[in-house]
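Q:
Residue numbers (the working numbering): 29 to 98.
1) For the alpha helix (DSSP H) that contains residue 69, what are its first and last residues?
2) Can you look up residue 32 in the DSSP assignment and give me helix, strand or coil?
3) Taking C-beta to C-beta, are residue 75 and residue 95 nearer than 8 Å?
4) For residue 81, which residues does DSSP report across the bridge?
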C-alpha cells in the first residue's frame, strides 16, 4: 500500500477541490518494485504496508493467475 504524505504538497498550499473522495485502488505491474517505489516516493507517496497474494487468491480478486506483492 502506498499513502500520500505532505512531500507532494511541499508548498503548503491547500489542494484543489477535485470532487474525488473515498478509497481507490490503482495497480501497476513491475518486475523491479524497488525502482517503482523510489519513483513514487519522488512523487510524494510513501510505502505504509506490504502484502502478498498467491496465484489462486489473485485470480479470484483480479482475474490474473499470478502471485503478487502489494
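Quick reminder that beta carbons are idealized off the backbone N, C-alpha and C, glycines included.
A: Taking the geometry as given:
1) 61-70
2) At residue 32 the pLDDT is 49, less than 50, meaning the model places this residue with poor confidence; the figure from the coordinates comes in the next sentence. In the structure shown, residue 32 sits in a strand (DSSP, three-state: E or B).
3) no
4) 96
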